[in-house]
Amino acid sequence: MANQSLNTLTETLAGRLTERALPGELRDFGASEVAQAAAFVAATAAHRDDGAPAIAIEPISGDDTRRRMRLAIVNDDMPFLVDSIAAAIGAQDIAVDRIIHPVVRTTRAPDGTLHAIDADGLGAGRPESMIYLEMERADARDRRGLIEDLTAVLADVRAAVTDWRGMQAALDDDIAMLPEGEGAALLQWFLNGHLTLLGHQIWHRDGSGHAALGIARNEHRVPILAEASRALAIEWFEAGNDAPLLL
(Lines of atoms letter the chains of each structure in order from A and count residues from 1; the text may use other names and numbers.)
(Lines give C-alpha, C1' and ligand atoms only; values in the text may rest on other atoms or scores of the structure.)
Protein backbone atom coordinates (compact mmCIF):
# COMPACT_ATOMS: atom_id res chain seq x y z
CA MET A 1 0.00 0.00 0.00
CA ALA A 2 1.21 3.51 -0.83
CA ASN A 3 1.83 5.98 1.97
CA GLN A 4 -1.33 7.91 2.86
CA SER A 5 -1.81 11.39 4.28
CA LEU A 6 -3.47 11.87 7.67
CA ASN A 7 -6.62 13.09 5.89
CA THR A 8 -6.74 9.94 3.77
CA LEU A 9 -6.15 7.75 6.82
CA THR A 10 -8.99 9.53 8.61
CA GLU A 11 -11.37 9.15 5.66
CA THR A 12 -10.55 5.45 5.36
CA LEU A 13 -11.11 4.93 9.07
CA ALA A 14 -14.44 6.74 8.92
CA GLY A 15 -15.67 4.14 6.48
CA ARG A 16 -14.26 1.23 8.47
CA LEU A 17 -15.80 2.46 11.74
CA THR A 18 -19.31 2.23 10.38
CA GLU A 19 -19.36 -0.42 7.67
CA ARG A 20 -19.85 -3.43 9.97
CA ALA A 21 -21.21 -1.71 13.07
CA LEU A 22 -24.55 -2.86 14.45
CA PRO A 23 -27.50 -0.43 14.23
CA GLY A 24 -27.42 0.19 17.97
CA GLU A 25 -23.76 1.15 17.80
CA LEU A 26 -24.56 3.91 15.30
CA ARG A 27 -27.36 5.58 17.26
CA ASP A 28 -26.66 9.34 17.57
CA PHE A 29 -23.52 8.77 15.51
CA GLY A 30 -24.01 10.96 12.48
CA ALA A 31 -21.54 12.16 9.89
CA SER A 32 -20.02 14.82 12.16
CA GLU A 33 -19.59 12.39 15.06
CA VAL A 34 -18.09 9.75 12.77
CA ALA A 35 -15.61 12.27 11.35
CA GLN A 36 -14.51 13.34 14.84
CA ALA A 37 -14.17 9.74 15.99
CA ALA A 38 -12.17 8.78 12.90
CA ALA A 39 -9.82 11.74 13.36
CA PHE A 40 -9.28 10.76 17.00
CA VAL A 41 -8.57 7.11 16.17
CA ALA A 42 -6.29 8.08 13.27
CA ALA A 43 -4.27 10.39 15.52
CA THR A 44 -3.98 7.61 18.11
CA ALA A 45 -2.91 5.10 15.46
CA ALA A 46 -0.38 7.47 13.86
CA HIS A 47 2.43 5.90 15.86
CA ARG A 48 2.54 2.62 17.77
CA ASP A 49 5.59 0.83 19.10
CA ASP A 50 5.88 -2.78 17.99
CA GLY A 51 4.32 -5.15 20.50
CA ALA A 52 2.59 -2.39 22.46
CA PRO A 53 -0.81 -0.69 22.28
CA ALA A 54 -1.47 2.95 21.47
CA ILE A 55 -4.06 4.38 23.88
CA ALA A 56 -5.66 7.83 24.07
CA ILE A 57 -8.54 9.37 26.05
CA GLU A 58 -10.11 12.79 25.65
CA PRO A 59 -13.34 14.54 26.70
CA ILE A 60 -15.91 14.80 23.92
CA SER A 61 -16.13 18.50 23.06
CA GLY A 62 -19.56 20.07 22.87
CA ASP A 63 -20.97 17.32 25.06
CA ASP A 64 -21.34 19.27 28.31
CA THR A 65 -24.87 18.01 28.97
CA ARG A 66 -24.03 14.30 28.94
CA ARG A 67 -20.38 14.79 29.99
CA ARG A 68 -18.76 11.94 28.11
CA MET A 69 -15.27 11.05 26.95
CA ARG A 70 -13.88 8.90 24.18
CA LEU A 71 -11.19 6.24 24.21
CA ALA A 72 -9.17 4.84 21.31
CA ILE A 73 -7.05 1.71 21.57
CA VAL A 74 -4.92 0.45 18.69
CA ASN A 75 -3.34 -2.96 19.12
CA ASP A 76 -2.28 -6.00 17.13
CA ASP A 77 -5.46 -7.94 16.46
CA MET A 78 -5.84 -10.85 18.86
CA PRO A 79 -8.51 -12.63 20.91
CA PHE A 80 -9.95 -11.32 24.21
CA LEU A 81 -9.37 -7.62 23.47
CA VAL A 82 -12.88 -6.18 23.73
CA ASP A 83 -13.93 -8.31 26.72
CA SER A 84 -10.73 -7.46 28.58
CA ILE A 85 -11.01 -3.74 27.82
CA ALA A 86 -14.66 -3.65 28.87
CA ALA A 87 -13.83 -5.46 32.12
CA ALA A 88 -11.06 -2.96 32.94
CA ILE A 89 -13.40 -0.04 32.35
CA GLY A 90 -16.19 -1.70 34.33
CA ALA A 91 -13.81 -2.20 37.26
CA GLN A 92 -13.54 1.62 37.38
CA ASP A 93 -17.35 1.84 37.56
CA ILE A 94 -17.48 3.77 34.28
CA ALA A 95 -20.51 3.23 32.06
CA VAL A 96 -19.76 2.61 28.36
CA ASP A 97 -22.18 4.02 25.76
CA ARG A 98 -20.56 2.85 22.54
CA ILE A 99 -17.96 0.30 21.41
CA ILE A 100 -16.95 0.01 17.76
CA HIS A 101 -14.23 -2.46 16.81
CA PRO A 102 -13.02 -2.54 13.22
CA VAL A 103 -10.06 -4.74 12.33
CA VAL A 104 -7.97 -3.10 9.62
CA ARG A 105 -4.83 -4.03 7.73
CA THR A 106 -2.03 -1.51 8.10
CA THR A 107 1.49 -0.87 6.96
CA ARG A 108 3.93 0.87 9.29
CA ALA A 109 7.49 2.10 9.11
CA PRO A 110 10.09 0.29 11.23
CA ASP A 111 9.73 3.04 13.87
CA GLY A 112 5.97 2.40 14.17
CA THR A 113 4.74 5.32 12.07
CA LEU A 114 1.47 4.47 10.32
CA HIS A 115 1.83 4.67 6.55
CA ALA A 116 -1.42 3.24 5.21
CA ILE A 117 -4.73 1.58 6.04
CA ASP A 118 -6.27 -0.86 3.58
CA ALA A 119 -9.72 0.42 2.62
CA ASP A 120 -11.47 -2.94 2.18
CA GLY A 121 -9.48 -5.16 4.55
CA LEU A 122 -8.54 -7.59 1.79
CA GLY A 123 -5.11 -6.33 0.85
CA ALA A 124 -1.66 -6.71 2.29
CA GLY A 125 -0.66 -5.46 5.68
CA ARG A 126 -0.80 -6.40 9.32
CA PRO A 127 -4.20 -6.78 11.03
CA GLU A 128 -4.72 -4.29 13.83
CA SER A 129 -7.70 -3.78 16.11
CA MET A 130 -8.74 -0.13 16.24
CA ILE A 131 -11.23 0.06 19.09
CA TYR A 132 -13.30 3.20 19.67
CA LEU A 133 -15.37 3.70 22.83
CA GLU A 134 -17.56 6.45 24.25
CA MET A 135 -18.29 6.48 27.98
CA GLU A 136 -19.20 8.69 30.89
CA ARG A 137 -16.53 11.25 31.66
CA ALA A 138 -13.94 10.77 34.40
CA ASP A 139 -11.59 13.37 35.86
CA ALA A 140 -7.96 13.66 34.74
CA ARG A 141 -6.62 11.52 37.58
CA ASP A 142 -9.07 8.71 36.88
CA ARG A 143 -8.28 8.90 33.16
CA ARG A 144 -4.58 8.43 33.88
CA GLY A 145 -5.40 5.49 36.14
CA LEU A 146 -7.59 3.95 33.46
CA ILE A 147 -4.79 4.17 30.89
CA GLU A 148 -2.43 2.44 33.35
CA ASP A 149 -4.98 -0.32 33.97
CA LEU A 150 -5.67 -0.79 30.26
CA THR A 151 -1.95 -0.97 29.50
CA ALA A 152 -1.52 -3.70 32.11
CA VAL A 153 -4.60 -5.61 30.92
CA LEU A 154 -3.45 -5.52 27.30
CA ALA A 155 0.00 -6.75 28.34
CA ASP A 156 -1.71 -9.71 30.00
CA VAL A 157 -3.79 -10.38 26.88
CA ARG A 158 -0.67 -10.30 24.71
CA ALA A 159 1.21 -12.63 27.08
CA ALA A 160 -1.68 -15.12 27.22
CA VAL A 161 -2.10 -15.17 23.44
CA THR A 162 1.65 -15.32 22.71
CA ASP A 163 2.27 -18.17 25.16
CA TRP A 164 -0.89 -20.16 24.40
CA ARG A 165 0.88 -23.08 22.72
CA GLY A 166 3.58 -23.12 25.39
CA MET A 167 0.94 -23.28 28.12
CA GLN A 168 -0.79 -26.14 26.34
CA ALA A 169 2.51 -28.03 26.22
CA ALA A 170 3.15 -27.29 29.91
CA LEU A 171 -0.29 -28.58 30.90
CA ASP A 172 0.29 -31.68 28.79
CA ASP A 173 3.54 -32.25 30.71
CA ASP A 174 1.64 -31.84 33.99
CA ILE A 175 -0.84 -34.49 32.92
CA ALA A 176 1.97 -36.89 32.01
CA MET A 177 3.33 -36.67 35.57
CA LEU A 178 0.02 -37.73 37.13
CA PRO A 179 -1.17 -41.31 37.58
CA GLU A 180 -4.22 -42.36 35.62
CA GLY A 181 -7.38 -41.32 37.37
CA GLU A 182 -9.92 -38.54 37.79
CA GLY A 183 -7.30 -35.84 38.33
CA ALA A 184 -5.45 -36.57 35.11
CA ALA A 185 -8.75 -36.91 33.26
CA LEU A 186 -9.89 -33.50 34.52
CA LEU A 187 -6.71 -31.79 33.36
CA GLN A 188 -6.98 -33.57 30.00
CA TRP A 189 -10.55 -32.30 29.70
CA PHE A 190 -9.27 -28.77 30.36
CA LEU A 191 -6.57 -29.26 27.71
CA ASN A 192 -9.13 -30.44 25.16
CA GLY A 193 -10.55 -26.94 24.82
CA HIS A 194 -12.74 -26.65 27.91
CA LEU A 195 -10.53 -24.12 29.70
CA THR A 196 -8.93 -20.91 28.49
CA LEU A 197 -5.31 -21.02 29.63
CA LEU A 198 -4.12 -17.63 30.83
CA GLY A 199 -0.99 -18.47 32.81
CA HIS A 200 1.26 -21.30 33.97
CA GLN A 201 4.14 -21.33 36.43
CA ILE A 202 6.04 -23.84 38.55
CA TRP A 203 6.14 -22.88 42.25
CA HIS A 204 8.43 -24.24 44.99
CA ARG A 205 8.04 -24.60 48.74
CA ASP A 206 10.22 -21.56 49.39
CA GLY A 207 7.90 -19.35 47.34
CA SER A 208 10.19 -19.08 44.33
CA GLY A 209 8.95 -19.90 40.88
CA HIS A 210 10.22 -20.45 37.36
CA ALA A 211 9.05 -21.26 33.83
CA ALA A 212 6.41 -18.51 33.94
CA LEU A 213 4.12 -18.39 30.91
CA GLY A 214 1.20 -16.17 29.95
CA ILE A 215 0.06 -13.66 32.54
CA ALA A 216 2.31 -15.34 35.12
CA ARG A 217 5.34 -13.63 33.55
CA ASN A 218 3.91 -10.13 34.12
CA GLU A 219 4.04 -8.10 37.33
CA HIS A 220 0.67 -7.50 39.02
CA ARG A 221 -0.38 -5.18 41.84
CA VAL A 222 -2.48 -8.05 43.20
CA PRO A 223 -0.68 -11.43 43.00
CA ILE A 224 -2.29 -14.10 40.84
CA LEU A 225 -1.94 -16.53 43.74
CA ALA A 226 -2.01 -15.14 47.26
CA GLU A 227 0.83 -16.17 49.54
CA ALA A 228 -1.70 -17.61 52.01
CA SER A 229 -3.20 -19.79 49.27
CA ARG A 230 0.23 -21.02 48.18
CA ALA A 231 1.13 -21.93 51.78
CA LEU A 232 -2.15 -23.80 52.25
CA ALA A 233 -1.55 -25.71 49.01
CA ILE A 234 1.89 -26.81 50.22
CA GLU A 235 0.39 -27.96 53.52
CA TRP A 236 -2.25 -29.92 51.59
CA PHE A 237 0.35 -31.79 49.55
CA GLU A 238 2.64 -32.33 52.54
CA ALA A 239 -0.32 -33.99 54.27
CA GLY A 240 -0.17 -36.68 51.59
CA ASN A 241 -3.01 -35.54 49.34
CA ASP A 242 -2.86 -36.13 45.60
CA ALA A 243 -2.66 -33.73 42.68
CA PRO A 244 -4.31 -31.84 41.16
CA LEU A 245 -5.52 -29.26 43.67
CA LEU A 246 -7.91 -26.59 42.35
CA LEU A 247 -7.80 -23.23 44.14
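Be aware that the sequence shown starts at 2, since it is given in the working numbering, and climbs by one per residue.
We put the beta carbon where it would ideally sit given N, CA and C, even for glycine.
Fair warning: this is a prediction, and the values are worked out from it, not measured in the lab.
The DSSP assignment places complete beta strand (DSSP E) segments of no fewer than 3 residues inside the region 40 to 80 at 55 to 60 and 69 to 77, in order along the chain.
The beta-carbon separation of I74 and L151, rounded to 7 Å, stays under the 8 Å limit for a contact. Along the region 84 to 146, the beta strand (DSSP E) occurs as fully enclosed runs of 3 or more residues at 97 to 101, 104 to 109, 115 to 118 and 127 to 137, listed in sequence order.
In this structure, DSSP gives A177 a helical state, which the three-state scheme calls helix.
In this chain, the alpha helix (DSSP H) harbouring G184 covers E183 to W190. Looking at D243, A234 and R68, the one whose alpha-carbon comes closest to that of L179 is D243.
Judged by DSSP in its simplified three-state form, A217 adopts helix. Apart from sequence neighbours up to five positions away, the residues of its chain that approach A43 with a beta-carbon distance below 6 Å are L10, T11 and L14, ordered along the chain. Distances from the alpha-carbon of L214 to those of A55, W165 and R106 put W165 closest. Contact fails between the region 187 to 199 and the region 129 to 136, because fewer than three Cβ pairs, one in each stretch, are under 8 Å apart.
In this structure, T45 lies near A57, with their beta-carbon atoms less than 8 Å apart. About 5 Å separates the beta carbons of H48 and T114, which is inside the 8 Å limit, making them a contact pair. A direct Cα-to-Cα measurement between L199 and D175 gives close to 16 Å. Excluding its 5 nearest sequence neighbours in each direction, R144 has C-beta neighbours in its own chain below 8 Å: I58 and M70, listed in chain order. In the structure shown, the three-state DSSP call for H205 is coil. Here A110 is not near H102, since their CB atoms are 8 Å or more apart. Rounded to whole angstroms, the Cβ separation of I100 and V154 is 15 Å, and the two are not in contact under 8 Å. Just so you know, the alpha carbons of A232 and D140 end up roughly 41 Å apart.
In this chain, L248 is not harboured by any alpha helix (DSSP H), its DSSP state being neither H nor E. Taking C-beta separations shorter than 8 Å and ignoring five residues to either side along the sequence, the partners of E26 in its chain run R99, I100 and I101, following chain order.
A straight line joining the alpha-carbon of V162 with that of V223 spans about 21 Å. The alpha-carbon of A120 is positioned some 7 Å away from that of R17.
At a Cβ-Cβ threshold of 8 Å, I90 and V83 do not count as neighbours.
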